[in-house]
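Visitor: Residues in the sequence shown are numbered from 1 upward in steps of one, following UniProt numbering. Heads up, the beta-carbon is just placed ideally off N, CA and C, and yes, glycines get one too.
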Amino acid sequence: MSGEVKQRKKGGPPKEVKDAQRGGIAAGQRVKDENPGKVAVPSSGSGCQSLCPDVRTLLCCLCLALCATLTWTVLQQSQNLTILEQRYQSLQSRSSGLEDLETKVGEIFGKFEESTQAATKLKNLQLQQRLEQLQNEVANMKQWTDTISGNRGQLEGNLTNLELVVSQIEQSTAAIAKEVSGKLATVKTDVRRVSGMEDDVALLTNSVSELEKKLEKVEKNTAQSIGDALVHSIERITSLKDTVATNSNRIDLIKQRLIELRGNFTRNSDKLLGLESDRLKVLQAVNFANDLKPKVFTLRKDLTRFQALVDDLTLRIGRLASDLLNREQDINVLSDKMYNLTVIKSEILDLSNKISNL
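1) Is leucine 258 near the ligand COA, with its Cβ less than 7 Å from a heavy atom?
2) One question on the structure: do glutamate 170 and leucine 59 come within less than 8 Å of each other, judged by their Cβ atoms?
3) Under 8 Å, with one C-beta from each stretch per pair, do the stretch 246-264 and the stretch 330-350 reach the 3-pair mark?
4) If asparagine 158 and arginine 87 are in contact, beta carbons under 8 Å, what's the gap, nearest whole angstrom?
5) When burial is assigned at 16 or more other CB atoms within 10 Å of the CB, is lysine 105 buried or exposed?
6) Could you compute how far the alpha carbon of glutamate 85 sits from the alpha carbon of lysine 220?
7) Thinking leucine 299 and isoleucine 176 are a contact (beta carbons under 8 Å), I'd like their distance in whole angstroms, please.
8) Select from Asp350, Trp144, Glu137, Val165 the residue whose C-alpha is nearest the C-alpha of leucine 313.
9) Compute the Euclidean distance between the alpha carbons of serine 2 and threonine 238, then round it to the nearest angstrom.
10) Since I believe threonine 145 is in contact with lysine 295 (beta carbons under 8 Å), could you give me their beta-carbon distance rounded to a whole number of angstroms?
11) Is asparagine 353 buried or exposed, if buried means 16 or more other CB atoms sit within 10 Å of its CB?
12) By Cβ distance, which residues of its chain are closer than 8 Å to lysine 183, with the 5 residues on each side in sequence left out?
13) Would a C-beta distance cut-off of 8 Å place valine 244 and glutamine 307 closer than the cut-off?
14) Can you have a look at serine 46 and say buried or exposed, based on whether 16 or more other CB atoms are within 10 angstroms of its CB?
15) Measuring only the C-alpha atoms, how far is glycine 153 from threonine 160?
16) Find out if the Cβ-Cβ distance for the pair leucine 81, alanine 229 is shorter than 8 Å.
17) Give the single residue among Ile83, Val208, Leu261, Asn357 whose Cα lies nearest to the Cα of threonine 57.
18) Taking just the CA atoms, how far does threonine 103 sit from leucine 240?
19) Please work out which residues of its chain come closer than 7 Å, Cβ to Cβ, to serine 93, disregarding the five sequence neighbours upstream and downstream, and give them in chain order.
20) Residues in the same chain with beta-carbon distance under 7 Å from isoleucine 226, minus the five sequence neighbours each way, listed in chain order, please.
21) Thinking C-alpha only, which one of Met141, Ser233, Ile259 is nearest lysine 111?
22) For serine 233 and arginine 316, I'd like the C-alpha separation in whole angstroms.
As structure tokens, then:
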């Protein structure tokens, strides 16, 4: 008997089980038609028939609650992903602002080159006008450095907001996982209690099969939506990394140009040392150019920190994806257990039909 049960568990498809149930019900009806004078023997579970509708309603309510929780989790995750998309779009707009700043810095370097070319012609031109132009350019450089520091503070604020959003998503997923595990434990206990009721098992199996189909559809839809969202987010993060890398390369080029300009500036300062009256003003301009070096170095450090934060975000998103896959595996294991219960119940029905025939 146990060998037949194992063979049916291994190779018995759900269609054959349903055909066996229909054949058993038809055989029972034929026996009743052939022996209309016999009185039906009361079954051992007749005292529990009043409790069967309550158990069915409880199971239906539990299954509906599980479906509602799954849909709720999908909606929350979609909302969180939309928030992340908005944050990434804002970061992309910030990167475009950095490109504009780079173009402006290029213009400033062009002005510096023009100033170096004009320094060769200082012998034939008036020195006071040239020095006034240099002072104006130095004031413009101060304004550009102030704007760059302001943009850096805005980028740091956006990164803190992204970290808060990711922590909230992790907390919500942990709470949902706890709720689902508790509800699954209650469903297991209810299934164990219902295993003793043989008369109501057939009706419950039909309802459970329908609910399993609905759950499979919901799981497939959620898995597809979550996978698509993760793919889009990963692609956007990689694009952000590429933009940050290009920005760092451009900053390196800017530093090289600054070094070249400083060399040219020292040469021009050596030429201007012969002029005793305007020597102090030129030295002040050189000191200001030297003060710009640590600011550029701090900008490069901030960009490296930004890359580290983006890497942390990618790791957290990967962990969330692995947790969701583990939850899907647990649901598949439960569906397999329900299928095994249906097979055992069909065998019990076959045995009861054989006993009634005897």
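Guide: Concretely, from the data shown:
1) Ligands are entirely absent from the displayed structure, and the ligand COA is therefore not among its contents.
2) Along the sequence shown, one-based indexing puts residue 170 at 170. Along the sequence shown, one-based indexing puts residue 59 at 59. The answer is no: Cβ separation not under 8 Å.
3) no
4) Against the sequence shown, residue 158 aligns to sequence position 158. Against the sequence shown, residue 87 aligns to sequence position 87. Between arginine 87 and asparagine 158 the Cβ distance is about 7 Å, and since that is below 8 Å, they are a contact.
5) Within the sequence shown, residue 105 is the residue found at index 105, counting from 1. In the sequence as displayed, the identity of residue 105 is valine instead of lysine. When all chains shown are included, valine 105 counts as buried.
6) The residue you call residue 85 lines up with position 85 of the sequence shown. The residue you call residue 220 lines up with position 220 of the sequence shown. Taking the straight line from one Cα to the other gives about 23 Å.
7) Stepping through the sequence shown from its first residue, residue 299 is reached at position 299. Stepping through the sequence shown from its first residue, residue 176 is reached at position 176. So it is not a contact: roughly 42 Å between Cβ atoms.
8) As a first step, residue 313 must be located in the sequence shown, where it is residue number 313. Residue Val165 is the option with its Cα nearest to leucine 313.
9) As a first step, residue 2 is located in the sequence shown; it is residue number 2 there, counting from the start. As a first step, residue 238 is located in the sequence shown; it is residue number 238 there, counting from the start. Unreliable placement is indicated for serine 2, whose pLDDT of 43 sits below 50; no coordinate value is reported for it.
10) On the sequence shown, position 295 is the one that residue 295 refers to. On the sequence shown, position 145 is the one that residue 145 refers to. With a Cβ gap of about 6 Å, lysine 295 and threonine 145 count as contacting.
11) Position 353 of the sequence shown holds residue 353. The residue in question, asparagine 353, is buried, as its Cβ has 16 or more Cβ neighbours within 10 Å.
12) Position 183 of the sequence shown, counted from the start, is the residue given in the question as residue 183. These residues qualify, in order along the chain: Leu62, Ala65, Leu66, Thr69.
13) Taking the sequence shown and counting its residues from 1, one reaches residue 244 at position 244. Taking the sequence shown and counting its residues from 1, one reaches residue 307 at position 307. Yes, they are a contact pair.
14) Here the question's residue 46 lines up with position 46 in the sequence shown. Summary for serine 46: the model assigns pLDDT 44, below 50, so the residue's position carries little reliability; its value from the coordinates is reported in the next sentence. It is exposed - the Cβ of serine 46 has fewer than 16 other Cβ atoms within 10 Å.
15) Indexing the sequence shown from 1 puts residue 153 at position 153. Indexing the sequence shown from 1 puts residue 160 at position 160. The straight-line gap from Cα to Cα measures roughly 11 Å.
16) If you number the sequence shown from 1, residue 81 lands on position 81. If you number the sequence shown from 1, residue 229 lands on position 229. Their beta carbons are under 8 Å apart, which means leucine 81 touches alanine 229 by this criterion.
17) Here the question's residue 57 lines up with position 57 in the sequence shown. Measuring from the Cα of threonine 57, the nearest candidate turns out to be Val208.
18) In the sequence shown, residue 240 corresponds to position 240, counting from 1. In the sequence shown, residue 103 corresponds to position 103, counting from 1. Computed Cα separation, rounded: 20 Å.
19) The residue given as residue 93 occupies position 93 in the sequence shown. Beyond the five residues adjoining it in sequence on each side, serine 93 comes within less than 7 Å, by CB distance, of no other residue in the same chain.
20) Here the question's residue 226 lines up with position 226 in the sequence shown. Around isoleucine 226: Gln77, Leu324.
21) Residue mapping note: residue 111 aligns to position 111 of the sequence shown, counting from 1. Of the listed residues, the one whose Cα sits closest to lysine 111 is Met141.
22) By 1-based counting over the sequence shown, the position of residue 233 is 233. By 1-based counting over the sequence shown, the position of residue 316 is 316. Cα to Cα, serine 233 sits roughly 12 Å from arginine 316.
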